[in-house]
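Single-structure report; data block below.
Number of protein chains: 2
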Amino acid sequence: MPQTTAERPRRNEKSRQAILTAALQLAGEVGYTKLSIEAIAARAGVGKQTIYRWWPSKAAVLFDAVLALSTNDAGETTLPDTGDLEADLRTVLHATVRELNDPGYDRSMRSLTVALLEDEGLAAEYRRNLAQRMHEVKKDRLRSAQLAGHVAEDVDLDAAVEMIFGPLMNRWLTRSGPITPEYADTILTTALNGLRPRG
Amino acid sequence: MPQTTAERPRRNEKSRQAILTAALQLAGEVGYTKLSIEAIAARAGVGKQTIYRWWPSKAAVLFDAVLALSTNDAGETTLPDTGDLEADLRTVLHATVRELNDPGYDRSMRSLTVALLEDEGLAAEYRRNLAQRMHEVKKDRLRSAQLAGHVAEDVDLDAAVEMIFGPLMNRWLTRSGPITPEYADTILTTALNGLRPRG
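Read top to bottom, the protein sequences are chains A and B. Quick note: the first sequence, position 193, residue 193 per UniProt numbering, numbers continuous. Quick note: the second sequence, position 54, residue 54 per UniProt numbering, numbers continuous.
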């Protein structure tokens, strides 16, 4: 049966979604090294050639799958700004804790991390399309707090972002301890107060 | 020619060293996914069976290679303690900066990181044999500073370790910026002072 032109894009979009979903699921099930275009195609119910028409590699498919995931979650591109920096950061960190404890998210992000470590070109694309944007969003919130006098004037905001958001990611990556709201709160308090005794 | 019993261990040790060196070199050259026992054996000039007699997998070989590397470097198991916390941490962080900028170290550590992400059993062994020990060494130095009154009494030392040492590792892992002594100093100052305006 011939397709109308109106049907074709819908069908493409359905295949595209099926491929992205299959890539995420399989990455979680078998890990990045064992992930294959063949298996993604079989799970998505499409031919290998359909995948190769849109993506050059399994890494590229997985990348788009994770990108789609984060775009759904955070249609917003700013962090909450109620004027209370500590409360706002706590909200964001607790959401991150929930995300990292979700098994599907955990496994597909681990697969993506492997892909980024193995493919420098993909890693550069990831930084441009997602990581740098997320960093700037966090930095904007700290800058607003700095202007309001809640963050010291001489604080380097890039370092501050790393200090607040890095430890949770490190603990997740190295599985060195449980990812809990309590740990997030401890990190936040330590970052805000610093290590030195306060006068 | 028959070997004496005294010769055998020496020859074993020489093969073992050749295998570890070959594993590190190849991991740096081709990455973890493409690393193979065959290639390690060929480079080391031993048979595949020699490797399989001592290690169950390529991940295990690479793990021992990196472990040997870190044991050579840090025969010491404490951080410098001159009584000046900031100066001592700066010394250690600058050494880390040099290490992370060494191409051989960079590539083999990236390969190991992939292996740890893909193999949870290996990751657990790595934590037991290396990561936890290094964490405790850093924590000991901060505890000594806390006792000396240079770190506030209520600071959580596990969080403090993450705050000081995590950001360099994150930047290295994600290639989000240059790994420089200046960046290390900024991290250190920010961690010690905290974000809040000081009295």
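We treat Cβ as the ideally placed atom computed from N, Cα and C, and that holds for glycine. Every value quoted in this text rests on a predicted model; they were computed, and no experiment measured them.
Of the residues A:G149, A:A41 and A:A148, the one whose Cα lies closest to the Cα of R16 (chain A) is A:A41.
The beta-carbon distance between L93 (chain B) and L188 (chain B), rounded to whole angstroms, is 6 Å. This is short enough to meet the 8 Å contact definition. G121 (chain B) sits in a helix when the DSSP states are folded into three classes. In this structure, P167 (chain A) keeps its C-beta atom at 8 Å or more from the C-beta atom of A152 (chain B).
Residue-level contact by beta carbon holds for R175 (chain B) and chain A, with a gap shorter than 8 Å. The DSSP-derived three-state label of W54 (chain A) is helix. For the pair P181 (chain A) and E99 (chain A), the Cα-to-Cα distance works out to about 12 Å. Distance from the CA of M109 (chain B) to the CA of R10 (chain A), rounded to the nearest whole angstrom, comes to 45 Å. For the 8 Å CB-CB criterion, Y32 (chain B) and S144 (chain B) do not form a contact. By alpha-carbon distance to A131 (chain B), the top candidate from A:V46, A:L122, A:L117 and A:N170 is A:N170.
Straight across, the Cα-Cα distance linking L85 (chain B) with A68 (chain B) is about 29 Å. A distance below 6 Å between beta-carbons, with the five flanking residues on each side excluded, links K58 (chain B) to the following residues of its chain, in chain order: L35 and I37. Close to P197 (chain B), with beta-carbon spacing below 8 Å, are these residues of chain A in chain order: G149, H150, V151, A152 and E153. In this structure, DSSP gives L195 (chain A) a state outside helix and strand, which the three-state scheme calls coil. R107 (chain A) does not reach chain B, its nearest Cβ partner there being about 10 Å away, counting only Cβ pairs nearer than 9 Å.
Within chain B, no C-beta atom comes nearer than 7 Å to that of T180 (chain A); the closest sits roughly 12 Å away. Residue nearest to S176 (chain A) within the set B:V161, B:A27, B:N193 and B:A95 is B:V161 (criterion: CA-CA distance).
Cβ contact annotation for A159 (chain A) (same chain, cutoff 8 Å, sequence separation greater than five): none. Just so you know, the alpha carbons of G47 (chain B) and A22 (chain B) end up roughly 13 Å apart. Within chain B, the C-beta atoms nearer than 8 Å to that of P167 (chain A) come from A159, E162, M163 and G166, in chain order. At a beta-carbon threshold of 7 Å, the residues of chain B lying near G31 (chain A) are E118, ordered along the chain.
For A131 (chain A), a Cβ of chain B is located within less than 8 Å of the residue's own Cβ.
Contact of A123 (chain A) with chain B by beta-carbon distance below 7 Å involves R175. By the neighbour-count definition (other C-beta atoms within 10 Å, threshold 16), T82 (chain A) is an exposed residue. Under the three-state reduction of DSSP output, H150 (chain B) falls in the coil class, being neither helix nor strand. Against chain A, a Cβ distance below 9 Å from R110 (chain B) picks out L117 and E118. A95 (chain B): member of the alpha helix (DSSP H) spanning L85 to L100, first to last residue. Ranking B:P80, B:Q49 and B:P56 by CA distance to the CA of V137 (chain B) puts B:P80 first. Under the DSSP assignment, P167 (chain B) falls in the alpha helix (DSSP H) whose first and last residues are L157 to T174. Listed along chain B, no residue sits closer than 8 Å to V92 (chain A) by beta-carbon distance, the nearest being about 15 Å off. Taking a beta-carbon distance threshold of 8 Å, D64 (chain A) does not count as an interface residue toward chain B. The C-alpha of D106 (chain A) lies about 17 Å from the C-alpha of G121 (chain B). Excluding its 5 nearest sequence neighbours in each direction, T113 (chain A) has C-beta neighbours in its own chain below 8 Å: L173, listed in chain order.
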